[in-house]
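Structure first, commentary second.
In this note's numbering, the protein residues as written are 10 to 214.
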């Protein structure tokens, strides 16, 4: 009888509603928990050999940020677009360099720059003719690849006696990270130079 009473009471009350539990997260076992693969021997990864960091030695040509190897006659490495900007502004390379630095300048073109001009085709045939001027000397490249920007940066890092003539923004950004390398560029229909306080002919900005 008592059992029957309790059965009726439950059915009259209806089902008990369960309240939802909020902000509960599932408990997960950590990947490094010892219970995972218990008994299995964990293999230790072999530590790599100590890496030798290559720190570039400062050049003996630098007195702090001043490059003592720079002096007349100046040696100027010419980039592809510097020749194009000179033609567009109707500037003679050798005489305009003389007006900028007030000293004798020797212009140089690397094999990579010449190769780049030859690849550009007939559109840049005037620039190629200017680069083949007998007053501009040719430098032989011994490295792999023909990318002119890398060629100029590598040559400047090895020899601190050069000024780099370019209007390429990316190349100028790379050259600014190398201490003691002046950069020549075309601005206001004349040549200007940065990072060289001795250049009296450069326009003051």
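Just so you know, even glycine gets a beta-carbon here, dropped at the ideal spot from N, CA and C. Note that the coordinates shown come from a computational prediction; the quantities given were computed from them, not determined experimentally.
Query raised in the report: Grouping DSSP H, G and I as helix and E and B as strand, with all else coil, what is residue 106?
Result: As a working mapping, residue 106 is identified with position 97 in the chain shown. Of the three classes helix, strand and coil, the one that applies to residue 106 here is helix, per DSSP.
Requested in this report: Would you tell me roughly how many angstroms separate the C-alpha atoms of residue 149 and residue 119, rounded to the nearest one?
Outcome: On the chain shown, position 140 is the one that residue 149 refers to. On the chain shown, position 110 is the one that residue 119 refers to. Residue 149 and residue 119: Cα-Cα distance of roughly 6 Å.
**Report entry** For residue 167, the nearest candidate out of 95, 152, 92 (CA to CA)
**Finding:** If you number the chain shown from 1, residue 167 lands on position 158. Answer by Cα proximity: 152.
**Report entry** Cβ neighbour criterion (16 or more within 10 Å) applied to residue 189
**Finding:** Counting from 1 along the chain shown, the entry for residue 189 is found at position 180. By the neighbour-count rule (16 or more Cβ atoms within 10 Å), residue 189 is buried.
Query - Residue environment, residue 102, which counts as buried when at least 16 other CB atoms sit within 10 Å - result: Along the chain shown, read from residue 1 onward, the residue named residue 102 stands at position 93. Buried, because 16 or more other Cβ atoms sit within 10 Å of the Cβ of residue 102.
Query raised in the report: Beta carbon of residue 122, beta carbon of residue 89: below 8 Å?
Result: Taking the chain shown and counting its residues from 1, the one referred to as residue 122 is at position 113. Taking the chain shown and counting its residues from 1, the one referred to as residue 89 is at position 80. Closer than 8 Å, so yes.
Query - Candidates 172, 184, 136, 160, of which the one nearest residue 97 by Cα - result: For the purposes of this step, residue 97 is identified with residue 88 of the chain shown, where counting begins at 1. Per the Cα distances, 136.
Query raised in the report: Do you know whose CA, among 105, 203, 198, 171, lies nearest residue 185's CA?
Result: The sequence position of residue 185 within the chain shown is 176, counting from 1. If we check each option's Cα against that of residue 185, 203 comes out closest.
Report task. Give me the Cα-Cα distance between residue 127 and residue 159, rounded to the nearest whole angstrom. Result -> As a first step, residue 127 is located in the chain shown; it is residue number 118 there, counting from the start. As a first step, residue 159 is located in the chain shown; it is residue number 150 there, counting from the start. Taking the straight line joining both Cα atoms gives about 18 Å.
Report task. May I ask which residues mark the beginning and end of the alpha helix (DSSP H) holding residue 77? Result -> Here the question's residue 77 lines up with position 68 in the chain shown. Where residue 77 is concerned, there is no enclosing alpha helix (DSSP H), given that its DSSP letter is neither H nor E.
Requested in this report: Report buried or exposed for residue 179, applying the criterion of at least 16 other Cβ atoms within 10 angstroms of its Cβ.
Outcome: Stepping through the chain shown from its first residue, residue 179 is reached at position 170. It is exposed - the Cβ of residue 179 has fewer than 16 other Cβ atoms within 10 Å.
**Report entry** Distance, residue 78 Cα to residue 176 Cα
**Finding:** For the purposes of this step, residue 176 is identified with residue 167 of the chain shown, where counting begins at 1. For the purposes of this step, residue 78 is identified with residue 69 of the chain shown, where counting begins at 1. Approximately 24 Å between the Cα atoms of the pair.
Query raised in the report: Could you give the distance in angstroms between the alpha-carbon of residue 92 and the alpha-carbon of residue 81?
Result: Locating residue 92 in the chain shown gives position 83, counting from the first residue. Locating residue 81 in the chain shown gives position 72, counting from the first residue. For residue 92 and residue 81, the distance between alpha carbons rounds to 22 Å.
Report task. May I ask you to report which of helix, strand or coil DSSP gives residue 165? Result -> The sequence position of residue 165 within the chain shown is 156, counting from 1. Helix, per DSSP.
Report task. Mind checking who residue 204 pairs with in its DSSP beta bridge? Result -> Looking up residue 204 in the chain shown gives position 195. According to DSSP, which records beta bridges pairwise, residue 204 is partnered with nothing at all.
Query raised in the report: Which residue comes first and which comes last in the beta strand (DSSP E) that contains residue 114?
Result: For this step, residue 114 is matched to residue 105 along the chain shown. Taken as a continuous stretch (DSSP letters only), the beta strand (DSSP E) holding residue 114 covers 114-119.
Requested in this report: Pull up the CB-CB distance for residue 124 and residue 155, whole angstroms please, since I reckon it's below 8 Å.
Outcome: Locating residue 124 in the chain shown gives position 115, counting from the first residue. Locating residue 155 in the chain shown gives position 146, counting from the first residue. Their Cβ separation, rounded to whole angstroms, is 5 Å, which keeps residue 124 and residue 155 in contact under 8 Å.
Query raised in the report: What did DSSP end up calling residue 147 once you bin it into helix, strand or coil?
Result: The residue labelled residue 147 in the question sits at position 138 within the chain shown. Looking at residue 147 - three-state DSSP - the assignment turns out to be strand.
Query raised in the report: Do you know whose CA, among 197, 85, 134, lies nearest residue 145's CA?
Result: Working through the chain shown from its first residue, we reach residue 145 at position 136. Answer by Cα proximity: 85.
**Report entry** residue 165 burial status per 10 Å Cβ neighbour count (16 or more: buried)
**Finding:** As a working note, residue 165 is residue 156 in the chain shown. Buried, by the Cβ-count rule.
Report task. Please confirm whether residue 106 and residue 200 have their CB atoms less than 8 Å apart. Result -> Position 97 of the chain shown, counted from the first residue, corresponds to residue 106. Position 191 of the chain shown, counted from the first residue, corresponds to residue 200. In this structure, residue 200 lies closer than 8 Å to residue 106 by Cβ.
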